[in-house]
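Protein chains in written order, with full-length UniProt numbering: chain A, 1 to 216; chain B, 1 to 216; chain C, 1 to 230; chain D, 1 to 230. C-beta atoms are modelled at their ideal positions from N, C-alpha and C, and glycine is treated no differently.
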Amino acid sequence: MNSIHDMGGMHGFGPIVVEVDEPVFHEEWEGRAYALSIGWFPASQYKEWGGFRHNLEKIPPKDYLNMSYYERWFFVNEQKAMQLGLVTEEELNNGNADPNYLMPQLEPHPDSSLGPGRLDLEINAKFENGGVVRAKEINGRAHNRLPRYVRGKTGTIISDNGIYALQDTNEKDEQPYDDPQHVYTVRFSSEELWGNASHGNDFIYLDLWESYLEFA
Amino acid sequence: MNSIHDMGGMHGFGPIVVEVDEPVFHEEWEGRAYALSIGWFPASQYKEWGGFRHNLEKIPPKDYLNMSYYERWFFVNEQKAMQLGLVTEEELNNGNADPNYLMPQLEPHPDSSLGPGRLDLEINAKFENGGVVRAKEINGRAHNRLPRYVRGKTGTIISDNGIYALQDTNEKDEQPYDDPQHVYTVRFSSEELWGNASHGNDFIYLDLWESYLEFA
Amino acid sequence: MSRDGQKIDRRKFLKGAAVGAAAVSSTAISNAQDQESADHQHAPSDIALRVKALETVLTEKNLVDPSVLDEVVDRYENRIGPQNGAKVVAKAWVDSDYKARLLDDGTAAIGELDLLGTEGEHMVVVENTAEVHNLVVCTLCSCYPWPTLGLPPTWYKSSAFRARAVIEPRAVLREFGLEVSDETEIRVWDSTAEMRYLVLPRRPEGAEDMNESELADVVTRDSMIGVAIL
Amino acid sequence: MSRDGQKIDRRKFLKGAAVGAAAVSSTAISNAQDQESADHQHAPSDIALRVKALETVLTEKNLVDPSVLDEVVDRYENRIGPQNGAKVVAKAWVDSDYKARLLDDGTAAIGELDLLGTEGEHMVVVENTAEVHNLVVCTLCSCYPWPTLGLPPTWYKSSAFRARAVIEPRAVLREFGLEVSDETEIRVWDSTAEMRYLVLPRRPEGAEDMNESELADVVTRDSMIGVAIL
Numbered sequence: 001m002n003s004i005h006d007m008g009g010m011h012g013f014g015p016i017v018v019e020v021d022e023p024v025f026h027e028e029w030e031g032r033a034y035a036l037s038i039g040w041f042p043a044s045q046y047k048e049w050g051g052f053r054h055n056l057e058k059i060p061p062k063d064y065l066n067m068s069y070y071e072r073w074f075f076v077n078e079q080k081a082m083q084l085g086l087v088t089e090e091e092l093n094n095g096n097a098d099p100n101y102l103m104p105q106l107e108p109h110p111d112s113s114l115g116p117g118r119l120d121l122e123i124n125a126k127f128e129n130g131g132v133v134r135a136k137e138i139n140g141r142a143h144n145r146l147p148r149y150v151r152g153k154t155g156t157i158i159s160d161n162g163i164y165a166l167q168d169t170n171e172k173d174e175q176p177y178d179d180p181q182h183v184y185t186v187r188f189s190s191e192e193l194w195g196n197a198s199h200g201n202d203f204i205y206l207d208l209w210e211s212y213l214e215f216a
Numbered sequence: 001m002n003s004i005h006d007m008g009g010m011h012g013f014g015p016i017v018v019e020v021d022e023p024v025f026h027e028e029w030e031g032r033a034y035a036l037s038i039g040w041f042p043a044s045q046y047k048e049w050g051g052f053r054h055n056l057e058k059i060p061p062k063d064y065l066n067m068s069y070y071e072r073w074f075f076v077n078e079q080k081a082m083q084l085g086l087v088t089e090e091e092l093n094n095g096n097a098d099p100n101y102l103m104p105q106l107e108p109h110p111d112s113s114l115g116p117g118r119l120d121l122e123i124n125a126k127f128e129n130g131g132v133v134r135a136k137e138i139n140g141r142a143h144n145r146l147p148r149y150v151r152g153k154t155g156t157i158i159s160d161n162g163i164y165a166l167q168d169t170n171e172k173d174e175q176p177y178d179d180p181q182h183v184y185t186v187r188f189s190s191e192e193l194w195g196n197a198s199h200g201n202d203f204i205y206l207d208l209w210e211s212y213l214e215f216a
Numbered sequence: 001m002s003r004d005g006q007k008i009d010r011r012k013f014l015k016g017a018a019v020g021a022a023a024v025s026s027t028a029i030s031n032a033q034d035q036e037s038a039d040h041q042h043a044p045s046d047i048a049l050r051v052k053a054l055e056t057v058l059t060e061k062n063l064v065d066p067s068v069l070d071e072v073v074d075r076y077e078n079r080i081g082p083q084n085g086a087k088v089v090a091k092a093w094v095d096s097d098y099k100a101r102l103l104d105d106g107t108a109a110i111g112e113l114d115l116l117g118t119e120g121e122h123m124v125v126v127e128n129t130a131e132v133h134n135l136v137v138c139t140l141c142s143c144y145p146w147p148t149l150g151l152p153p154t155w156y157k158s159s160a161f162r163a164r165a166v167i168e169p170r171a172v173l174r175e176f177g178l179e180v181s182d183e184t185e186i187r188v189w190d191s192t193a194e195m196r197y198l199v200l201p202r203r204p205e206g207a208e209d210m211n212e213s214e215l216a217d218v219v220t221r222d223s224m225i226g227v228a229i230l
Numbered sequence: 001m002s003r004d005g006q007k008i009d010r011r012k013f014l015k016g017a018a019v020g021a022a023a024v025s026s027t028a029i030s031n032a033q034d035q036e037s038a039d040h041q042h043a044p045s046d047i048a049l050r051v052k053a054l055e056t057v058l059t060e061k062n063l064v065d066p067s068v069l070d071e072v073v074d075r076y077e078n079r080i081g082p083q084n085g086a087k088v089v090a091k092a093w094v095d096s097d098y099k100a101r102l103l104d105d106g107t108a109a110i111g112e113l114d115l116l117g118t119e120g121e122h123m124v125v126v127e128n129t130a131e132v133h134n135l136v137v138c139t140l141c142s143c144y145p146w147p148t149l150g151l152p153p154t155w156y157k158s159s160a161f162r163a164r165a166v167i168e169p170r171a172v173l174r175e176f177g178l179e180v181s182d183e184t185e186i187r188v189w190d191s192t193a194e195m196r197y198l199v200l201p202r203r204p205e206g207a208e209d210m211n212e213s214e215l216a217d218v219v220t221r222d223s224m225i226g227v228a229i230l
């Protein structure tokens, strides 16, 4: 989806602010919120991070910018737990589980046949190193990993990283994970991407699933 | 510049919310802020709306989304009045002019030799109706009127609207106004712009200065 | 309708999440209505004082004439509005010569009625037909033909409309209750330069006997932006 | 450094406006530091309570084991961090065979040191040379090689870094104090899939006599992201 998370190439955010000797977590709640994301993952019905990322991206732009990084993480976990009926708003307001609340029988976690990570499959590669490709215009509300700033742009394949299940979710936030594809690293020139604002010696590299690409 | 104002094609903002029987102004301050924008224009040193718009666009994205429309207008006027030294923060905090504050002698308003509006000039047109053009990638921090969603895209000239001075400002916010050009209406297909999210019978029209375009 | 504070429970978010609506009353998150209402409502409490201060200080320095401001507010609250555009549309409906001039050179034809002015110096009129439906937007700010339609409504200035009109005009029109058939071509006019756009809606059925003045009364603002038909 | 409340007067905005910084203490406007500090600081005051509530309720339902959470926090606060990546870099500097394996197949070579793991299962190592400088970013979220660098710093997750690294890397590096000559090629790695990137910095001059362990001590996190050299 085309929302504020897809911010590559935007102006207006000001300088990079570096905090010297920054702690890993600034407040205890940040660490707990982070760890909760890991710790409850098996119960969360996410197949992998794609579904989690899609929920982050669905935070309205104003709220996305108003929230801190860990606040966003926590927010989507809180929402997801309620969405699944694992917790109720009342329980969260009270701070304790309601012993009389019956959790729904969730469908068994629909394991992907493929799962994340590099897959040991044999699939013919459509593109080869040195090949010139164009990134497609993919603008639906579903989640993908193709930033707006490279869509429609032409680049060169510099490596084939092997086979991975496509991480995209569909609009319903399902993550089918049944579409294994080659993932290529593609090199784009700054000139191609940014025209008058480019530098002739800058190059941007992205890892793109085969279905994001077409012959240029 | 590529900031949040350039929101054509974004998702995530939710449904269109329509207020029935909406008043022209919801609060008295909205009307005064609006009228102030018009009323102080001669003193503001803006040559035309381009400079004003650039200042709106420079509001950081988070603030841009947190502010209402008239709040943004007022904010840039307030900033500009202080920037010019016409008013001081202290005066604004007190709500009255300080009789002892000496306003700076501003340079005479640097009138454009051309001004805004359609110009009665003879300039050869580079493109003609029916011609196929590509919008350039123009990504600098300066102000222009070429939305990101058409950059790099191919469309068809459907009319030549005559000669207008380029409205762009440079990065320093100056608006030279010395670059008269043909302005064309260009028709883009939804398919060209949005790929898989397009409708085959949707077309988007933009008015684009000649220097934004190249032969496709 | 979006001005009341909403106490929306967390569950509402879940339903609306697919279109990006969100609401948790106990947090900073906004729901879509909150978000849109920000377009006229979010202002900090002291905004009225700040506006008053700037006007007063500039007035005391003779850089602003408050009577000019009074006049501007009065102009858009009471004199300039969609009734102006409606006159143009009604005349085009009853006068085919005028209609031809209007579609050929909107600026000149609207000038005949003395309805040009700030943010409407150069007008283009686009005609709805059985085959074509037109929709006007300004994605970069909120350009709008002030002299013929007045100041734009909040939804026209909203992020949602600006963002969505160019990528999913049919979904936008559906939210306005307008279902456009797949066979109908939609033309979206993104106002990027000095041209301002007015949609010439189709004359409604059952209006055959109306005179120009009566016709003007049935022309709505939304039909001249293209989010409604008559 | 950005955690203190800033009372920045209106004039500061004017100076910073060209890069989009803004500040009016009396309004909702933020300055750039405020804005960035939002990345770890903006949370509403009850966020700590809400986090505690969710953890408690999930724990009482046996859906979460708090000792697992304790372990995760401890892991990233105390055990996993840039010292891991530094070991990889130092080994590559002293062992040319290892370096060749590392650049050829980062995953396998880092696996030799048992430094793979969540968000770092598939590693690519990119080498800085006299001709090429590498910089890592994730524009869409904040992907980062957790097992070798720990959790990312706030600036890496900031909107400013995510937005700017791909369009103006040289300006970004300049803000980190790194001036890259026009003749040097910059490669920006936007982490969009499951590959995670580690920059192999150039061995600093004057470090010829150091052993592997001493070398590891001079490798900084920032040099392995590509915003610093050694």
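**Prompt:** Which residue from C:LEU54, C:ILE47, C:VAL57, C:PRO201 puts its Cα closest to that of GLU131 (chain C)?
**Reply:** The shortest Cα separation from GLU131 (chain C) among C:LEU54, C:ILE47, C:VAL57, C:PRO201 belongs to C:PRO201.
**Message:** Suppose the cutoff is 8 Å on Cβ atoms and the five residues either side in sequence are ignored; what does the same chain contact list for HIS42 (chain D) look like?
**Reply:** Per-residue confidence for HIS42 (chain D) stands at a pLDDT of 40, beneath the threshold of 50, marking its modelled position as unreliable; the derived number appears in the next sentence. Taken in chain order, the list of residues that qualify is empty.
**Message:** So LEU36 (chain A) and GLU55 (chain D) are supposed to be a Cβ contact under 8 Å. How far apart are they, rounded?
**Reply:** Yes, they are in contact, since the Cβ atoms of LEU36 (chain A) and GLU55 (chain D) sit about 6 Å apart, within 8 Å.
**Prompt:** For ILE38 (chain B), which residues in chain C fall below 7 Å Cβ to Cβ?
**Reply:** VAL72
**Asked** DSSP three-state call for ASP98 (chain B): helix, strand or coil?
**Response** coil
**Asked** Excluding five sequence neighbours on each side, which residues of the same chain lie with their C-beta closer than 7 Å to the C-beta of SER3 (chain A)?
**Response** If we look at SER3 (chain A) and ignore the five residues flanking it on each side, its Cβ neighbours are GLU57, PRO61.
**Prompt:** In its own chain, which residues sit with a C-beta less than 8 Å from the C-beta of VAL227 (chain C), not counting the 5 before and 5 after it?
**Reply:** LEU135, VAL172, LEU173, PHE176, LEU178
**Item:** TYR197 (chain C) - DSSP class collapsed to helix/strand/coil
**Value:** strand
**Message:** Counting C-beta neighbours from all protein chains within 10 Å, is the total for MET7 (chain A) 16 or more, i.e. buried, or is it exposed?
**Reply:** buried
**Request:** Would you identify the three-state DSSP class for TRP49 (chain B), choosing helix, strand or coil?
**Result:** Shown here, TRP49 (chain B) sits in a helix according to DSSP, grouped into three states.
**Message:** Comparing C-alpha positions only, which one of C:GLY117, C:GLU183, C:ALA53, C:SER142 sits nearest to PRO152 (chain C)?
**Reply:** C:SER142
**Asked** Rounded to whole angstroms, how far is the Cβ of ALA48 (chain D) from the Cβ of PHE13 (chain A), which I believe are closer than 8 Å?
**Response** Not quite, the Cβ-Cβ distance comes to about 27 Å (not below 8 Å), so this is no contact.
**Prompt:** Should SER159 (chain D) go down as buried or exposed, given a rule of 16 or more other Cβ atoms within 10 Å for buried?
**Reply:** buried
**Request:** Check GLU71 (chain D) in the structure and name its three-state DSSP category.
**Result:** It is helical.
**Prompt:** Hey, which unbroken runs of the alpha helix (DSSP H) at 4 residues or more fall wholly within the region 89–173 of chain B?
**Reply:** Listed in chain order, the alpha helix (DSSP H) runs fully inside the region 89–173 of chain B are 89–94, counting runs of at least 4 residues.
**Message:** Less than 8 Å between the beta carbons of VAL132 (chain A) and PHE188 (chain A), yes or no?
**Reply:** no
**Contained beta strand (DSSP E) runs [length at least 3] in the region 74–142 of chain C, N- to C-terminal order** = Those beta strand (DSSP E) runs which fall completely within the region 74–142 of chain C and span 3+ residues are 122–127, 132–137.
**Prompt:** Who are the neighbours of TRP209 (chain B) on chain A, taking C-beta pairs under 7 Å?
**Reply:** None at all; the shortest Cβ gap to chain A is about 14 Å.
**Request:** Verify the CB distance criterion: does LYS126 (chain A) have a CB-CB separation below 8 Å to chain B?
**Result:** no
**Message:** Using C-beta distances below 7 Å, list every residue in its chain close to ALA165 (chain C), excluding the 5 sequence neighbours before and after it, in chain order.
**Reply:** LEU135, VAL137, VAL172, VAL188
**Item:** As assigned by DSSP and simplified to three states, the class of VAL76 (chain B)
**Value:** helix
**Request:** Answer with yes or no whether the minimum CB distance from ARG196 (chain D) to chain A is below 8 Å.
**Result:** no
**Message:** I want to see whether chain B comes within less than 8 Å of THR129 (chain C), judged by CB atoms only; does it?
**Reply:** no
**Segment limits, alpha helix (DSSP H) that includes TRP194 (chain B)** = 190–194
**Message:** Can you look up TRP29 (chain B) in the DSSP assignment and give me helix, strand or coil?
**Reply:** Helix at TRP29 (chain B).
**Neighbour-count burial assignment, ALA21 (chain C), 16 or more Cβ in a 10 Å radius** = At ALA21 (chain C) the pLDDT is 28, less than 50, meaning the model places this residue with poor confidence and gives no usable figure here.
**Asked** Quick one: what does DSSP say TYR205 (chain B) is sitting in, helix, strand or coil?
**Response** strand
**Prompt:** Roughly how many angstroms separate the alpha carbons of GLN35 (chain C) and ASP46 (chain C), rounded to a whole number?
**Reply:** With a pLDDT of 41 at GLN35 (chain C), under the threshold of 50, the modelled position of this residue cannot be trusted, and the question is left open.
**Message:** Do PRO147 (chain C) and LEU116 (chain C) count as a contact pair if the criterion is CB distance below 8 Å?
**Reply:** Remark: C-beta atoms of LEU116 (chain C) and PRO147 (chain C) approach each other more closely than 8 Å.
**Item:** Proximal residues of chain C, C-beta to C-beta of ILE204 (chain B) below 7 Å
**Value:** VAL166, VAL188, ASP190
**Cross-strand partners of PRO180 (chain B) (DSSP beta bridge)** = Beta-bridge pairing links PRO180 (chain B) to B:ALA165.
**Item:** For LEU146 (chain A) and ALA216 (chain D), the rounded distance between their alpha carbons
**Value:** Approximately 36 Å between the Cα atoms of the pair.
**Under 9 Å from the C-beta of HIS199 (chain B): neighbouring residues of chain C** = Simply GLU168, PRO169, ARG170, ASP182, ILE186.
**Message:** With a threshold of 8 Å between beta carbons, is HIS11 (chain A) in contact with chain B?
**Reply:** Closer than 8 Å: yes.
**Asked** With a cut-off of 8 Å, do at least 3 Cβ pairs link the region 156–168 of chain B to the region 36–45 of chain B?
**Response** no
**Request:** Answer yes or no: does any C-beta atom of chain A fall closer than 8 Å to that of SER68 (chain B)?
**Result:** no
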